[in-house]
Amino acid sequence: MPPGVAGSAVPAERGTSMGRTLAQKIWDSRVVRSAHGEPDLLYIDLHLVHEVTSPQAFDGLRLAGRGVRRPDLTIATEDHNVPTTGVTGPGLPLIGPGSPVTDPVSRVQVEALRKNCAEFGIRLFPMGDAGQGIVHVISPQLGLTQPGMTIVCGDSHTSTHGALGALAFGIGTSEVEHVLATQTLPQAKPAQMAVNVTGDLPYGVSAKDLILAVIAQIGTGGGVGHVIEYRGEAIRQLSMAGRMTVCNMSIEAGARAGLIAPDDTTFSYLEGRPHAPQGAGWEAALDYWRSLPTDPDAVFDREVTLDAAALTPFVTWGTNPAQAGPLTSAVPDPQSLADPGARASAERALAYMDLRPGTPLTDIRVDTVFVGSCTNGRLEDLRAAADVLRGRKVSGGVRMLVVPGSMEVKAAAEQEGLDAVFTAAGAQWRSAGCSMCLGMNPDTMGPGERSASTSNRNFEGRQGKGSRTHLVSPQVAAATAITGRLTAPADL
Amino acid sequence: MDPFVTHSGRAVSLRRNNVDTDQIIPAEYLKRVSRAGFADGLFAAWRADPEFVLNQPAAVGATVLIAGPDFGIGSSREHAVWALTDYGFRAVISERFGDIFRNNATKGGLLPVRLPAAAVSALQDAVEADQDCVVTVDLGAREVRACGPAGGPPLITVAFEIDDYTRWRLMEGLDDISLTLRHADDIAGFERSRADWLPSAAQAR
């Protein structure tokens, strides 16, 4: 039997009179089973699946003779390991002439997902399908992501869905198998952290700049063991796309999940989407959703405050997302860091990035610009980049890739003529996928190449072996493409 | 999963902070659909450097990794755990782990041991000073012991914390899915209580 009464002290049960946070309310409503000395067993309302972290989980099911408990609460897409060129439509062959997938190892992985989804009855959006796209872009777009839900995916950026007030977190492949088999997950209760962003974001400063500043303030491990709730005027004023950008990068501060309380912005985003409730269901859902925001007397384990009004475009200089500063600043001197570990880390980062302390960040030249990813691959992001690029040209020697987050985003962008803005400027207009964010598909950089990228990670080799990444907003990415060095649109 | 009760072996000191899972195993290795055979991908980019700690003779056969804080941050890829275990590691010691990595490790029989910074640093010093130093990670006693003369008291003894449930599951080598399926009735009961307006992924209108 599991360890029971003997052992560590029992945490006091929360009194009913004490306020609860948004995350605690969702948690409490999804507990299937709670037993002393054991993690809570949480029900999972939606499981998102993609080709990279699922094949071993499906194999595990077959090996144990288990099925998928709720294929109707499971949805799959091909995003991480598919090309973004040559995808001319749905139904393309995976093998032989006309297949956009040229790497035989990648082909096997995509085939495995198709076979697994067919065998277990899971709805799949294959490459080229009008509904295909990055897992974290398509679920909100379909209206599948709703406030108060528990959502998991074998991908750390699942925190994106917290933008709609869902408790959403990334899991490993063993947990993917667990959810497929049981539609539940045993989970230890996380601690609660509030990130209060007061004031108004200045003109020209985006959600991406805001979250990069938050990560720089709390560090890559600052949110470990916590879920973050983003609060304050600046958060309330963000669009759904901006909120998704913020919640998306919660994991880069170490947090399991990031949430924003649902409000009218959330409800108007959801209304009328294919999987949103309708009629009486919509009214019932609204009543529930309005009960979710954190109670005024709820207590957070930790609170961090940031002044939005003081923010300016932010950019990373190092090899983790917390190694960042305002674009107007210079590469820091590692010697100025008191902590020996942080100093060594910064020294190593500067050596890898081939940067010298004191160099103004705006002097850093790039050869690649990437606009896309689950962080910044939505229509609003593409509009922001296009607004900067319109009537201008990508600098000679700079390769710019614009990769929509989904085929629906691609179609909507083309409807508005954004594709024409990008191609006229000299950028490449691609089909949907994770692309250069993680360099699993052919969209990679070579050793020593340097990018301004709207993605979420600047780890060593993230965008290709030996590649160097500076994380930026779509606006800064576009301005950088024009000048060939890290640039804010205001300085064009 | 094989039970983990106690493990003794030589250790490698990796003095780097923020070792993300992209470093532990780069994305190009994630195209594989198998659960084994990831040893060649472990720290693939760093191993290209002859000076890297795993390329030193003293590291051959080591089974305990002692790393800087924030080990295993970033991507949820469980391949990082598979790469470490395929290479031969049974335990990783750090001041702090990425949550998803730590969770994945306990599913794959790799013990993540959280110790205060000073203890991690003392262990690294001891291991670097004596390449024959044996580190024992004793889950039963919730204790790490290191170095010292054969048959004599260890040079370092430090206690670590781990929750009772995870410890029990690791020591018994239990599979989470079988444990959860014991509560299939509770799951079915919960499902009957779910609101009918909650979305189904199966069909759109």
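So the sequence lines, in the order shown, correspond to chains A and B. Quick note on my numbering: the first sequence kicks off at 290 and runs consecutively. Quick note on my numbering: the second sequence kicks off at 150 and runs consecutively. C-beta atoms are modelled at their ideal positions from N, C-alpha and C, and glycine is treated no differently.
- Taking a C-beta distance under 8 angstroms as the contact criterion, A:V494 and A:T601 qualify as a contact pair.
- Of all residues in the stretch 154 to 165 of chain B, only R164, R165 come within less than 9 angstroms of chain A when Cβ atoms are compared, listed by chain position.
- Taken in chain order, the whole alpha helix (DSSP H) runs of length 4 or more contained in the stretch 372 to 442 of chain A are 393 to 409, 424 to 431.
- For the pair of segments examined, the stretch 285 to 302 of chain B was found to touch the stretch 254 to 267 of chain B: the number of CB pairs separated by less than 8 angstroms reaches three.
- Neighbours of A:I364 in chain B, taken as residues at a C-beta separation under 9 angstroms, are given in chain order as A350, A351.
- The beta carbon of A:S740 is closer than 8 angstroms to those of V655, D656, T657, V658, F659, M725, M734, Q752, S756, R757, T758, H759 in its chain, skipping five residues each way along the sequence.
- Within chain B, the residues A176, E177, L179, K180 have their CB atoms less than 8 angstroms from the CB of A:M729, given in chain order.
- Put simply, the CB of B:N204 is far from chain A, with every gap to its CB atoms at 8 angstroms or more.
- Under the 10 Å beta carbon count, B:D219 is surrounded by 16 or more other beta carbons and is classified as buried.
- The Cβ atoms of A:N485 and A:T617 do not sit closer than 8 angstroms to each other.
- A Cβ-Cβ contact shorter than 8 angstroms links B:D248 with A:R545.
- Taking 8 angstroms as the threshold, the shortest C-beta distance from A:V394 to chain B falls below it.
- Residue pairing by DSSP puts B:V161 in a beta bridge opposite B:L214.
- A:Y558 counts as buried, since no fewer than 16 other beta carbons sit within 10 angstroms of its beta carbon.
- Residue state for B:M150 is assigned as coil, using DSSP reduced to three classes.
- When only Cα atoms are considered, A:G728 and A:Y577 end up about 41 angstroms apart.
- Using a CB distance cut-off of 8 angstroms, A:G547 does not count as an interface residue toward chain B.
- Here the alpha carbons of B:R294 and B:P302 stand approximately 9 angstroms from one another.
- Around the Cβ of A:H446, a 10 Å sphere holds 16 or more other Cβ atoms; the residue is buried.
- Listed in chain order, the alpha helix (DSSP H) runs fully inside the stretch 238 to 288 of chain B are 248 to 256, 266 to 278, counting runs of at least 4 residues.
- Counting every other CB atom within 10 Å of its CB across the protein chains shown gives A:T366 a total of 16 or more, marking it as buried.
- Excluding five sequence positions before and after B:V269, the CB atoms of its chain that fall closer than 7 angstroms to its own CB belong to I215, I242, S243, E244, given in chain order.
- Under a criterion of Cβ atoms nearer than 7 angstroms, the residues of chain B adjacent to A:D361 are, in order, S349, A350, A351.
- Judged by pairs of C-beta atoms under 8 angstroms, the stretch 339 to 355 of chain A does not touch the stretch 488 to 504 of chain A, as fewer than three such pairs exist.
- Per DSSP, reduced to three states, the secondary structure at A:D552 is coil, with no helix or strand assignment.
- Taking the CA atoms as reference points, A:A324 sits about 11 angstroms from B:Y314.
- Looking at the DSSP output, A:E592 bridges to A:A483.
- With the criterion set as a beta carbon lying under 7 angstroms from some beta carbon of chain B, the members of the stretch 365 to 395 of chain A are N370, V394, S395, in sequence order.
- In this structure, A:V535 and A:L499 form a Cβ contact; the two beta carbons are roughly 6 angstroms apart against a cut-off of 8 angstroms.
- With respect to the 8 angstroms criterion, A:T743 and A:S684 are not classified as neighbours on the basis of their beta carbons.
- At a C-beta separation below 9 angstroms, A:P623 has no neighbours in chain B, since its nearest C-beta there lies roughly 12 angstroms away.
- Taking the C-beta atoms as reference points, B:A275 is found no nearer than 8 angstroms to A:R412.
- One thing to note: A:G512 has its Cβ within 8 angstroms of the Cβ of A:G543.
- Residue-level contact by beta carbon holds for B:D219 and chain A, with a gap shorter than 8 angstroms.
- Residues of chain B with a Cβ closer than 9 angstroms to the Cβ of A:P328 are, in chain order, D312, Y314, T315.
- In the three-state reduction of the DSSP assignment, A:P649 falls in the strand class.
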